[in-house]
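Last residue of the sequence shown: 250 in the working numbering, with the numbers rising by one and none dropped.
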Amino acid sequence: MTQHFSCQATASWRLAVALALATLALAGCKDQAASPEAPPGAPAPAPVTPPAPPVAPVAPVAPAAPAAEPTAAAAAAPAAAPRKLPLAVQGVAPAGVTVRVKGVELGSDATVLDVSISFANRITDSTMLALADTFLEDESGARLHIKRPDGNRDITIREGQTLDGQLVFLGSVPATAHKLRLVFNDGNDGDNIVAPGLVMELPLQAGG
C-alpha cells in the first residue's frame, strides 16, 4: 500500500510542476507582448533610418548669351570735321572772266570753294562758266564734278556783275593731295565769249 501511494504522489507532483511551468511560460509570453524591450543578452535592434527626402532635379544652366555686337551707329567712327584752308589764287580768261578763289573746305562728302567771279566784256552781256564740264581734279586724275545750283545750272554771269559765293564739288580730296586743278568749261578756249575755258592750280600744302 505504501509503494502504490508513492507512485500516485509522484505523478501528482509531476503534473503540478508541469502546470506551473506552463503558467510561467504563458506569463512570459504576455510580458514580451506587453513590453517591446528585447530580452537581456539579445542584440539591440538596428535604428530605423528615415527615408531621405527626394532630391529635386537640377535645372540645366543655360549658356550665357553672347555679348551683343555694337550697332552700326555705335561702331561707326564720328566723321572728321572738314579741313579749311585759306587761298588767294586768281585766274583770268581772255573772254573777260576773272575768278578769285579765297578758300577751300575739304570735307568727307564734298569739297567747297569760296569764290568771287566777275565778268566784263563789251561784245556780249553774259557768259556761262559751267556750260561744259566743270570740275576739280586731283593729282591722280580723279574728277569731282560741280554740283550745279538749282537756280543757275550753267553759272551764268552778266556783264559788269560779280558773283560772291561758294562752288560745291561732289566728293572728297585725298588727305595726301598737294594741289588741285579747277577747270571751267573743259575743252573750250579762254576767249570763247559764250562759255570760256579756264584752268587754275590750287595749292593745298606749303610748297605744293
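The C-beta atom is built at its ideal place from N, Cα and C for all residues, glycine as well.
Excluding the 5 residues preceding and the 5 following residue i in the sequence, name in chain order all residues of the same chain whose CB lies nearer than 6 Å to its CB.
i, result
"D231", "G239"
"L155", "V143, V146, L209"
Please work out which residues of its chain come closer than 7 Å, Cβ to Cβ, to residue i, disregarding the five sequence neighbours upstream and downstream, and give them in chain order.
i, result
"L212", "A152, L186, H187, K189"
"K126", "G145, E147"
"L222", "L178, E179, D180, V215, L244, L246"
"P124", "E147, L148, G149"
"I165", "I235"
What residue range is occupied by the uninterrupted beta strand (DSSP E) comprising residue i?
i, result
"S160", "152-161"
"Q203", "No beta strand (DSSP E) holds Q203; DSSP gives it neither H nor E."
"R223", "221-226"
Is DSSP giving residue i helix, strand or coil here?
i, result
"R190", "coil"
"V236", "coil"
"D167", "coil"
"P245", "strand"
"V215", "coil"
"A130", "strand"
"L173", "coil"
"T135", "Reading the sequence as shown, one finds Ala at residue 135 and not Thr. Three-state DSSP puts A135 in a strand."
"E181", "coil"
"G229", "coil"
"R195", "coil"
"G145", "strand"
Leaving aside the five residues before and after residue i along the sequence, list all residues of the same chain whose C-beta is less than 8 Å from its C-beta, in chain order.
i, result
"R195", "A172"
"N234", "A137, N227"
"P191", "I197"
Buried or exposed for residue i, going by 16 or more other Cβ atoms inside 10 Å?
i, result
"G207", "exposed"
"G202", "exposed"
"P78", "The pLDDT assigned to P78 is 48, lower than 50, so where the model puts this residue is not dependable, and the model offers no usable value."
"A237", "buried"
"I159", "buried"
"A135", "buried"
"T176", "buried"
With a cut-off of 8 Å on the beta carbons, I'd call residue i and residue j a contact; round off their distance for me.
i, j, result
"I197", "S168", "The Cβ separation is near 11 Å, so there is no contact."
"V131", "F161", "Wrong, their Cβ atoms sit about 18 Å apart, outside the cutoff."
"A184", "G229", "About 18 Å separates the two Cβ atoms, so there is no contact after all."
"V141", "M242", "7 Å"
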